[in-house]
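Chains as they are written, first to last, in my numbering: chain L, 834 to 1076; chain B, 834 to 1076.
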């Protein structure tokens, strides 16, 4: 996955932890493998499946002691059922977590904008999650997706021209707001790195931060914020893994 | 070690990597264990040794595939000989790397200021490394250490009042500059998180960034920047570990 997004996720894990001293933090093991096949290309039928490499990562994290798995890549969540079926450790679902937070942002939220990769858009991960919560998903059209969101994500992945990426995300969020979105989900982990200006014109729900809060909640209190059942996993130690 | 500093190190690894695409980055495995006994307390004779927990971490990193170990905690480097003797994978030496960069900052550098934990100060790690390069180390006196550096580090470790931590580090760097320091080493991985204002009045050498550059150099080109021999390790795969 994109290592800048992984570092951002790690910072959000730290920020989500109430700490009086260093030892109050949670042990974290991270397996950052930029060689995992591109998720969007796989979903578009243009490249190999990322599932074997992701399973390899989860096995390494499990071997290092992880009790809860967080995957800070929204697009990878298209493969969550396949991954979850293959392993005995819970994988948190950031798409569900972020959608729940967006739908509950205000009591009257009706329309939720979604910024994501082309792969996530294609699978309708967020659109389905929105409809399940009786809110209307608003996504970019194909041209806007390519010109705005995909370009911004590519710039962040290579650390290039972040101000330009920030302008592209601002433009995309403005389009969604003008179509009626009351909140916008930053549904690709590269996007929160450049969504500051967008957040000034429409509230941006940071899926990475939602995942971090849930991961810390799970290891500290045995709960991931109510977004899914807490019954499946017994936490034997306070550790979490990051793919 | 402090997880905020570890996340900062991970970001600096990303920043130190020239990348055209996601797959150009280096696989990274991180074992962030805030339960490692406090290094300064151990060095002051007030707490247990961190060596067993650090060795456990290195073994986990090795098990996950790490070929080069980086420990983004300067104080922990007091134990580097003990750790290195116990394992067959190279541990990069951030104290040597940062001191080399400080001494070479300009051809005429004579006095190098050092900001660190009380434990690092006590062991003279940086002072010895400076003298070995024929530059004069300038450290805070005991009162300044407690009032400025130690307080700032504690604030960063718990994520509290970072503006105050930044003022404390600015004051400490100013004291060292006024005593003749031409550059100042941020020789504790919490300090670069709050050394921005200090860097405006005297060049601050970021030991975390030095370690990140060396780690990326080692996995990409088999060199850690000349700060130590490259002969000891054969890199079988492009991976590095972070303790």
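Yeah, the Cβ is synthetic: ideal placement off N, Cα and C, and Gly gets one too.
- Taking one beta carbon from each stretch, the stretch 1045-1057 of chain L and the stretch 953-972 of chain B have fewer than 3 pairs nearer than 8 Å; the two do not touch.
- In this structure, residue 963 (chain L) sits away from residue 989 (chain L), with a CB-CB distance that is not shorter than 8 Å.
- The bridge partners DSSP lists for residue 865 (chain B) are L:861.
- Between residue 973 (chain B) and residue 985 (chain B), the gap from beta carbon to beta carbon reaches 8 Å or more.
- In the DSSP assignment, residue 1039 (chain B) falls within the beta strand (DSSP E) that extends over 1037-1039.
- In chain L, no part has a C-beta under 9 Å from the C-beta of residue 882 (chain B); the shortest such distance is about 15 Å.
- Taking a contact to require three or more Cβ pairs closer than 8 Å, the stretch 914-923 of chain L and the stretch 907-927 of chain B do not qualify as touching.
- Around the beta carbon of residue 970 (chain L), 16 or more other beta carbons lie within 10 angstroms, which makes this residue buried.
- With a beta-carbon spacing of about 5 Å, residue 872 (chain B) and residue 952 (chain B) fall inside the 8 Å limit used to define contacts.
- Here residue 843 (chain L) has 861, 863, 1075 as same chain residues with Cβ atoms under 8 Å from its own Cβ, once five neighbours each way along the sequence are excluded.
- Within the DSSP bridge table, the entry for residue 1074 (chain B) names B:862, B:902 as partners.
- By DSSP's assignment, residue 1016 (chain B) forms a beta bridge with B:945.
- For residue 866 (chain L), the C-beta contacts it makes with chain B under 7 Å involve 860, in order along the chain.
- Residue state for residue 879 (chain L) is assigned as coil, using DSSP reduced to three classes.
- At a cut-off of 8 Å between beta-carbon atoms, residue 856 (chain B) makes contact with chain L.
- Using a Cβ-Cβ cut-off of 8 Å, residue 878 (chain L) does not count as an interface residue toward chain B, since no Cβ of chain B sits closer than that to its own.
- Taking C-alpha positions only, residue 1007 (chain L) is separated from residue 1025 (chain L) by approximately 16 Å.
- Across the structure, residue 849 (chain L) and residue 857 (chain B) are spaced so that their CA atoms are roughly 30 Å apart.
- Rounded to whole angstroms, residue 879 (chain B) and residue 870 (chain B) show a C-alpha spacing of 11 Å.
- Think of a sphere of 9 Å around the beta carbon of residue 901 (chain B): no beta carbon from chain L falls inside it, the nearest being about 14 Å out.
- Look at residue 1029 (chain L): its C-beta is not under 8 Å from any C-beta on chain B.
- CA-to-CA, the gap between residue 1042 (chain L) and residue 845 (chain L) works out to about 6 Å.
- Against residue 843 (chain L), the close residues of chain B are 836, 839, 840, 843, 863, 865, in the order they occur along the chain (beta-carbon pairs closer than 8 Å).
- Using a Cβ-Cβ cut-off of 9 Å, residue 893 (chain B) is close to 862, 896, 897, 898 of chain L, given in chain order.
- In the structure shown, the three-state DSSP call for residue 971 (chain B) is strand.
- Interface criterion not met: the Cβ of residue 1074 (chain B) is under 8 Å from no Cβ in chain L.
- A Cβ-Cβ distance of about 16 Å is found for the pair residue 884 (chain B) and residue 907 (chain B), leaving them out of contact under the 8 Å criterion.
- The alpha-carbon of residue 1054 (chain B) is positioned some 29 Å away from that of residue 866 (chain B).
- With its beta carbon at least 8 Å from every one in chain B, residue 1035 (chain L) lies outside the interface.
- Secondary structure at residue 853 (chain B): coil, using DSSP grouped into helix, strand and coil.
- The stretch 924-941 of chain L and the stretch 1033-1042 of chain L touch, with no fewer than 3 CB-CB distances between them shorter than 8 Å.
- If you look at residue 989 (chain B), you'll find it in the alpha helix (DSSP H) that goes 984-990.
- In chain order, 991, 992 make up the part of chain B whose C-beta sits under 7 Å from the C-beta of residue 852 (chain L).
- Secondary structure of residue 923 (chain L) (DSSP, three-state): strand.
- In this structure, B:868 is the residue among B:896, B:847, B:851, B:868 with its C-alpha nearest to the C-alpha of residue 852 (chain L).
- Going by DSSP, residue 889 (chain L) is part of the alpha helix (DSSP H) stretching over 884-897.
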